[in-house]
Amino acid sequence: MKIYKYLTLKKIGILFLAISLFTSCSDDSDTVSEITTTETETDVDDNDSNNTDTSVSEIGENHEEDTDYIWDSSNVVYITLNGSSITVDGEGATVSNTTVTIDSAGNYEITGTLNDGQIIVDTDDDATVRLILNEIDVTSSSSAPINIASSKKTIVILSENTTNILTDASNYVYENDEDEPNAALFSDDALTIYGEGTLIVNANYNDGIASKDGLIIAGGIININAVDDGIRGKDYLIIKNSDITVNAEGDGLIADNDEDTNNGWIIIESGEFNITADGDGIVAESNVEITYGDFTIETGGGSSGYLSSSDSAKGIKASIDILIEDGIFDINSSDDNIHASYGITINSGTFNLASGDDSIHTDDTIEINGGEINITNAVEGIESPNITINNGNFDINTSDDALNAAGNTNNFLYINGGYIVINCSGDGLDSNGNLTITAGTVILNGPTAQNNSPLDCDGTLSLDGGFLVATGYASNMDEAGNNSSDQYSVLVKLSSTQSAGNLFHIEDSSGNNILTFEPEKNYKSIVFSTPELSTGSYKIYLGGSSTGTETDGVYQNGTYSSGTLYKSFTISSKSTTVN
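Using full-length UniProt numbering, count along the sequence shown one by one with no gaps and you end on 579.
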């Protein structure tokens with residue numbers, strides 16, 4: 001008997017994100033003779049969503065052009081900041097005291113220090129304004145250091161090997177009833193930031209960087225300290241090839257246009273992200289799509305932080321869907337780690353998650369097709385009305401349920417592959433509807449009290465393939481698969497509690513090892529299912545030792561000896577209970 005960790009992953013290439021990301025999974029499974037992770041091919045539904053018909057390729061398509069990253073360096077206006085004065089060499093910008101206003105499209109290289117002043121872009125030209133930041137340090141005591149009040153498109157370029165600093169006022173002075181700008185780097189229109197330099201933003205009034213239109217960050221090192229949100233692209237926020245650090249008293253990264261589901265997107269193609277936020281780490285009013293990235297996110301003070309009922313401090317949050325293709329995610333949040341109102345699809349990635357609530361949660365559907373998901377602590381691990389796991393490695397530790405298909409109607413929990421290790425105080429696998437296992441490995445150290453069970457199914461519990469061992473406490477709720485299952489299963493209710501570490505062993509009539517398991521917790525019941533079970537006679541032993549190789553409590557190969565015979569039993573139907 002061999003246990004294989006997750007070795008292969010079917011990469012599902014997605015060129016377009018249709019918000020209906022989830023498909024029902026086939027109940028077909030191959031017969032297996034080993035404890036193994038079986039890869040199940042899953043097609044991603046490319047039907048249109050009920051919520052939006054926008055594809056990823058359309059987001060920002062009128063914003064970004066190849067020519068954005070090419071310009072004539074011989075045609076540049078030079079703006080020099082001299083502490084308490086400004087000089088301009090060229091046409092297109094005017095100076096009033098310590099404010100420079102750019103009123104024409106063109107390329108503007110800015111250098112120097114401005115002790116108390118402002119850079120304003122205000123033009124009706126159809127062409128692009130480029131602000132080339134070359135070692136600037138701008139402070140304003142009354143407003144935003146850079147205010148792009150009007151421009152069809154502005155591109156901020158961070159010159160190579162430069163550090164550029166923007167520091168705004170703690171209180172802004174507005175004319176009449178205006179409320180803009182409201183960020184240290186503010187744009188009323190489309191904004192792009194890129195380059196090979198560094199931008200440091202100290203936002204003392206509100207947001208760090210904000211665009212009322214779309215915001216693309218295509219490179220550079222960006223460090224933000226903000227009393228509200230870190231980076232805001234109202235219509236959309238697209239990030240690639242960037243190193244971003246955000247410390248925010250509000251949200252970290254946000255797209256918050258709630259008037260149109262074709263807006264309010266966050267798309268991350270690549271980059272390194274360190275986000276500390278009192279609110280949500282990454283939050284989109286519509287959808288979040290992540291192709292790849294290295295993310296360290298802490299929200300609400302982490303999993304042990306205090307969260308009031310009115311606050312939101314989720315790691316990654318979307319009001320519609322979340323798609324994660326790949327990446328490295330270290331998320332520690334007082335609220336859910338990953339949360340969507342409709343669907344979450346995870347195709348690959350490495351996840352280290354700690355939550356003061358649920359780790360992965362939706363109000364509709366979760367589909368996981370691969371990845372390494374380590375939930376170190378959470379109230380509930382993965383919760384959604386509909387959960388499908390097709391592949392991946394999971395290590396789930398929860399104070400309540402581990403996998404919970406609950407809410408709405410027609411709930412289901414499907415496990416079609418993967419390697420899943422669970423340590424929970426609540427139910428292990430819980431479905432308010434059907435629960436089906438067709439393939440994969442589930443090793444479950446379940447509850448030690450009778451108000452919960454390792455398997456809790458309100459509908460049909462079908463064990464059709466794979467390997468399952470789950471401990472509980474002999475609750476009346478404990479159950480094995482039903483007699484219509486494709487695979488045999490056994491529920492053993494012991495007469496006395498066994499201590500953690502005390503071996504549980506089953507062998508067939510020929511003395512062949514069927515199961516040798518070392519639970520991590522005290523136990524009084526065990527549910528077991530494997531392709532190696534069939535009709536016939538078996539013996540149960542308690543205690544003893546094994547010379548085999550132990551992985552997550554399951555011993556392979558080797559010799560079992562010195563145990564105490566507990567009971568003999570016979571399997572004659574698909575589901576057997578031993579009392």
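Note that beta-carbon positions come from the ideal geometry of N, C-alpha and C, so glycine has one too. Since this is a predicted model, take the numbers as computed values, not measurements.
Residue from the options with nearest C-alpha to residue i
{"i": "I231", "options": "E196, G428, T276", "result": "T276"}
{"i": "E383", "options": "D207, L429, V121, P447", "result": "L429"}
{"i": "C424", "options": "A449, N411, L503", "result": "A449"}
{"i": "S304", "options": "E249, D358, T261", "result": "D358"}
{"i": "I420", "options": "S431, G381, C457, F412", "result": "G381"}
{"i": "V469", "options": "T559, T549, S489", "result": "S489"}
{"i": "N451", "options": "I443, N397, L215, N476", "result": "N476"}
{"i": "residue 617", "options": "A210, N557, S546", "result": "There is simply no residue 617 to check, as the chain begins at 1 and stops at 579 in what is shown."}
{"i": "N164", "options": "A149, T113, I324", "result": "T113"}
{"i": "D137", "options": "A149, V578, G117", "result": "G117"}
{"i": "N512", "options": "Y541, S499, A183", "result": "Y541"}
{"i": "T388", "options": "I373, N404, I368", "result": "I368"}
{"i": "N115", "options": "N107, N147, Y172, T139", "result": "T139"}
{"i": "S431", "options": "I422, G418, V442, L413", "result": "L413"}
{"i": "D168", "options": "D427, L307, V227", "result": "V227"}
{"i": "S537", "options": "D229, S573, A480", "result": "S573"}
{"i": "I331", "options": "I344, T299, I346", "result": "T299"}
{"i": "I239", "options": "K539, G214, V88", "result": "G214"}
For residue j and residue i, the rounded distance between their alpha carbons
{"i": "G92", "j": "E109", "result": "12 Å"}
{"i": "T564", "j": "G543", "result": "6 Å"}
{"i": "S399", "j": "S333", "result": "16 Å"}
{"i": "L131", "j": "E259", "result": "31 Å"}
{"i": "G349", "j": "A340", "result": "18 Å"}
{"i": "L435", "j": "S355", "result": "25 Å"}
{"i": "A105", "j": "I155", "result": "11 Å"}
{"i": "D256", "j": "I526", "result": "49 Å"}
{"i": "S462", "j": "L353", "result": "30 Å"}
{"i": "D294", "j": "N274", "result": "8 Å"}
{"i": "S84", "j": "N241", "result": "35 Å"}
{"i": "T535", "j": "F569", "result": "11 Å"}
{"i": "S309", "j": "Y560", "result": "52 Å"}
{"i": "P454", "j": "I282", "result": "34 Å"}
{"i": "C25", "j": "D478", "result": "Since pLDDT at C25 reaches only 35, below the 50 mark, its modelled position is unreliable, and no value is offered."}
{"i": "L166", "j": "V201", "result": "5 Å"}
{"i": "K234", "j": "G252", "result": "13 Å"}
{"i": "D66", "j": "L323", "result": "26 Å"}
{"i": "G250", "j": "N377", "result": "24 Å"}
{"i": "N374", "j": "F351", "result": "6 Å"}
{"i": "D179", "j": "T296", "result": "33 Å"}
{"i": "I157", "j": "G195", "result": "5 Å"}
{"i": "T198", "j": "D401", "result": "44 Å"}
{"i": "I320", "j": "T577", "result": "43 Å"}
{"i": "V44", "j": "N82", "result": "At V44 the pLDDT is 34, less than 50, meaning the model places this residue with poor confidence; the figure from the coordinates comes in the next sentence. Rounded to whole angstroms, V44 to N82 spans 57 Å at the Cα level."}
{"i": "D427", "j": "T162", "result": "55 Å"}
{"i": "H505", "j": "D458", "result": "29 Å"}
Where the beta strand (DSSP E) containing residue i begins and where it ends
{"i": "D508", "result": "504-508"}
{"i": "N397", "result": "393-398"}
{"i": "L307", "result": "That residue, L307, is in no beta strand (DSSP E); it is neither H nor E in DSSP."}
{"i": "D358", "result": "358-362"}
{"i": "Y523", "result": "523-529"}
{"i": "T551", "result": "549-551"}
{"i": "D137", "result": "129-139"}
{"i": "L105", "result": "Residue 105 is actually Ala in this sequence, not Leu. Where A105 is concerned, there is no enclosing beta strand (DSSP E), given that its DSSP letter is neither H nor E."}
{"i": "D207", "result": "207-211"}
{"i": "H63", "result": "Careful: H63 lies outside any beta strand (DSSP E) and carries neither H nor E."}
{"i": "N386", "result": "386-389"}
{"i": "K317", "result": "316-318"}
Per-residue burial, residue i [other beta carbons within 10 Å of its own, 16 or more giving buried]
{"i": "Y174", "result": "exposed"}
{"i": "N47", "result": "A caution first: N47 carries a pLDDT of 35, below 50, which makes its placement in the model unreliable, though a value can still be read off. The residue in question, N47, is exposed, as its Cβ has fewer than 16 Cβ neighbours within 10 Å."}
{"i": "S575", "result": "buried"}
{"i": "I35", "result": "With a pLDDT of 38 at I35, under the threshold of 50, the modelled position of this residue cannot be trusted; read the value that follows with caution. So I35 ends up on the buried side."}
{"i": "S562", "result": "exposed"}
{"i": "E41", "result": "The predicted model places E41 with a pLDDT of 38, which falls under 50 and marks its position as unreliable, so this point remains unresolved."}
{"i": "D126", "result": "exposed"}
{"i": "G70", "result": "According to the sequence shown, residue 70 is Ile rather than Gly. Exposed."}
{"i": "S529", "result": "buried"}
{"i": "D456", "result": "buried"}
{"i": "T123", "result": "buried"}
{"i": "S187", "result": "buried"}
{"i": "D72", "result": "exposed"}
{"i": "S286", "result": "buried"}
Residue i Cβ short of 7 Å to the ligand SAM heavy atom set
{"i": "I282", "result": "As for the ligand SAM, it is missing from this structure, which has no ligand bound."}
Exercise. Just list the alpha helix (DSSP H) runs in the stretch 441-486, keeping only unbroken ones of 4 residues or longer that don't cross its boundaries, in chain order.
Key: none
Exercise. Entirely within the stretch 201-256 and at least 3 residues each: give me those beta strand (DSSP E) ranges in chain order.
Key: 207-211, 214-217, 220-226, 231-233, 236-239, 242-248, 253-255
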